[in-house]
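Numbering (UniProt numbering), first residue to last: 1 to 324.
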Ligand SMILES: [Zn+2]
Ligand SMILES: [Zn+2]
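Shown next as structure tokens:
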């Protein structure tokens, strides 16, 4: 496999020629792969995708998937790289140890959250492990862009990560230092994180819930949508070839292969959405153990040939050069 290398050239996304890049820190569902039950109670016909984890090291195993997360290495000129991470899930620490070292990512400059589910935010406590050490928390806080809804949820789940005045006699304890910046669930309200502009893409993630995707990049336009069950028309317009214009790369949710799910797109709906949106290229994320990387990428290559849109499963550690 091609860890540490770049993906093939397709639709404005090139091999090693651009100083900016995307690193797929995670491409799996919330339970992550291997799914523990497949290893601790293997059935009569063991799950081949999860069993691989017992004999193949994760960096050589494209079926080893942590929580979906993307690192944008944005080269903003003047020899400056900015490192922007989308989502900090349950497996964040493992992803840093594995892929930050492999791809020589020295730090995080800002965080963007799609929503406040466990697989997008439960790694926030570990942000302190990638911040300069100060026992008194005397460091610059890391900007984190999120909706007011996500902010309210974090204040309940991590009250100690929200700045407040210490009570009398209360000791200072070292915790992640975060600078919360509220964004709107509105395609018309872009925001800038570490010099790069992002357009929020509100999508339905179960009929009672709105999650965000993001559109970014001027030279190459990239749409990242990790948690979606249905596209509102106004969001679909912003990223569609027949709407505001064709995107160079669409990174899209696909949970199961066959059966449907109430809060995520599954492969048939994912491919249907890709045909409608018509990007130059698409990569899938958020997969369960129903997907076998090599087998299903062969099937997707046939679909791509037929439909004229290259689509593949992404994998943890995949790095692609992009001109942002
Ligand atoms: Zn399994
Ligand atoms: Zn979710």
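For glycine and all other residues, C-beta sits at the position ideal for the given N, C-alpha and C. All values reported here derive from a predicted model rather than from experimental measurement.
Residue i - containing alpha helix (DSSP H), residue span
i: residue 48; result: 48 to 51
i: residue 95; result: 92 to 95
i: residue 148; result: 148 to 157
i: residue 296; result: 293 to 307
i: residue 348; result: Only positions 1 to 324 of the chain appear in the structure, and residue 348 is not among them; the question remains open.
i: residue 40; result: 36 to 40
Check whether residue i and residue j have beta carbons under 8 Å apart
i: residue 325; j: residue 220; result: Not covered by the structure: residue 325. The range shown for the chain is 1 to 324.
i: residue 172; j: residue 136; result: yes
i: residue 141; j: residue 179; result: yes
i: residue 122; j: residue 90; result: yes
i: residue 286; j: residue 253; result: yes
i: residue 24; j: residue 224; result: no
i: residue 82; j: residue 215; result: no
i: residue 21; j: residue 73; result: yes
i: residue 193; j: residue 132; result: no
i: residue 149; j: residue 116; result: yes
i: residue 200; j: residue 183; result: yes
i: residue 340; j: residue 85; result: Residue 340 lies beyond the range of the chain shown here (1 to 324); nothing can be said about it.
i: residue 128; j: residue 175; result: yes
i: residue 261; j: residue 255; result: yes
i: residue 211; j: residue 238; result: no
i: residue 204; j: residue 181; result: no
i: residue 290; j: residue 257; result: yes
i: residue 324; j: residue 293; result: no
i: residue 240; j: residue 278; result: yes
i: residue 33; j: residue 49; result: yes
i: residue 71; j: residue 111; result: no
Segment limits, beta strand (DSSP E) that includes residue i
i: residue 320; result: 319 to 322
i: residue 179; result: 178 to 182
i: residue 82; result: 81 to 86
i: residue 45; result: That residue, residue 45, is in no beta strand (DSSP E); it is neither H nor E in DSSP.
i: residue 64; result: It is not in any beta strand (DSSP E) - residue 64 carries neither H nor E in the DSSP assignment.
i: residue 199; result: 196 to 204
i: residue 283; result: 282 to 285
i: residue 225; result: 222 to 225
i: residue 312; result: 311 to 313
Check whether the region 149 to 169 and the region 244 to 253 touch, using three or more Cβ-Cβ pairs below 8 Å as the test. no
Near ligand 2, which residues have their beta-carbon less than 5 Å from any of its heavy atoms, given in chain order? 117 and 227
Residues near ligand 1, CB to any non-hydrogen atom under 5 Å, in chain order? 35, 38, 47, 50 and 289
At least three beta-carbon pairs within less than 8 Å, the region 58 to 68 to the region 285 to 302: yes
Taking only runs of the beta strand (DSSP E) that begin and end inside the region 237 to 267, which ones reach a length of at least 3 residues, in chain order? 249 to 253
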